[in-house]
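A.B. asks: Residue 33 in numbering that gives the first Met the number 0 sits at position 34 of the sequence shown, with consecutive numbering throughout. Next up is a structure, given as structure tokens.
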Amino acid sequence: MTFAARLCHVTLKVAFDLISVEDGSCHTVESFGEALDESDKATAKAMSAAYKSVMLQAFCIPVVGQDDPDRGKLVVAKSHDPEPVQGWDQWSKDVIEMIRVCQSEEALGRLQDTNRAMLKAIQRQRGELYQTIGVEFAARRRTVSPTTTAGGLSHPARAATPAATARTRKNAKTKAKELERA
């Protein structure tokens, strides 16, 4: 049996309180429930799975010889980041235009920080556009303000990476604090 429909995947951690009718003592039992469903019933199914698991474990109910009802092959839908309204092609063109008008390293950093979630999404969905945007960021960083090394020499390769940008910002903040102390 195969499923072509996209499935919703839900995982829950549930705590059940088992209360004694004799003395009122309470035992809390935690369990995970997991379910796949093509409609909106995945959460209810996950709750049922968690409850079944707790009952089987708490009361030592044997399950030898019973078939697993979820044994068929299922297709899990990939988590989907929403595409921009204008589409990835136009969005990337717009970002590249914004990169080209940035006048400072700080402006480039802000642009990158503001669009971080969308950049991660385009990296997963349209790698070639992500690479093009990365090339534009690197090129603009070299023309706006090249990073200097300890000896005062320009080091454009270091300016091209987001990690180097973060290091540059951190170094600038550290130097500013040292000047304030002096």
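Glycine included, each C-beta is placed from N, C-alpha and C at the ideal position.
Excluding five sequence neighbours on each side, which residues of the same chain lie with their C-beta closer than 6 Å to the C-beta of residue 90?
C.D. replies: Indexing the sequence shown from 1 puts residue 90 at position 91. Only 83 meet the Cβ criterion.
A.B. asks: Residues in its own chain within less than 7 Å of residue 49 by CB, not counting five upstream and five downstream?
C.D. replies: Numbered from 1 along the sequence shown, position 50 holds the residue referred to as residue 49. Taken in chain order, the residues that qualify are 11, 13, 30, 31 and 32.
A.B. asks: Using the beta-carbon count (16 or more within 10 Å), is residue 5 buried or exposed?
C.D. replies: Taking the sequence shown and counting its residues from 1, one reaches residue 5 at position 6. Exposed, since its Cβ has fewer than 16 Cβ neighbours within 10 Å.
A.B. asks: For residue 133 and residue 61, I'd like the C-alpha separation in whole angstroms.
C.D. replies: By 1-based counting over the sequence shown, the position of residue 133 is 134. By 1-based counting over the sequence shown, the position of residue 61 is 62. The straight-line gap from Cα to Cα measures roughly 57 Å.
A.B. asks: Need the endpoints of the alpha helix (DSSP H) that residue 136 sits in, please.
C.D. replies: The residue given as residue 136 occupies position 137 in the sequence shown. Per DSSP, residue 136 belongs to the alpha helix (DSSP H) from 126 to 143.
A.B. asks: Below 7 Å between beta carbons: does that hold for residue 94 and residue 53?
C.D. replies: Within the sequence shown, the letter at position 95 stands for residue 94. Within the sequence shown, the letter at position 54 stands for residue 53. The answer is no: Cβ separation not under 7 Å.
A.B. asks: Can the beta-carbon of residue 121 be found closer than 7 Å to that of residue 128?
C.D. replies: Mapped onto the sequence shown, residue 121 falls at position 122. Mapped onto the sequence shown, residue 128 falls at position 129. Yes, these two residues count as a Cβ contact at 7 Å.
A.B. asks: Report yes if the C-beta distance between residue 17 and residue 26 is below 7 Å; otherwise report no.
C.D. replies: Taking the sequence shown and counting its residues from 1, the one referred to as residue 17 is at position 18. Taking the sequence shown and counting its residues from 1, the one referred to as residue 26 is at position 27. In this structure, residue 26 lies closer than 7 Å to residue 17 by Cβ.
A.B. asks: According to DSSP, is residue 36 part of a helix, a strand, or is it coil?
C.D. replies: Translated into positions along the sequence shown, residue 36 becomes position 37. Residue 36 falls in the strand class under three-state DSSP.
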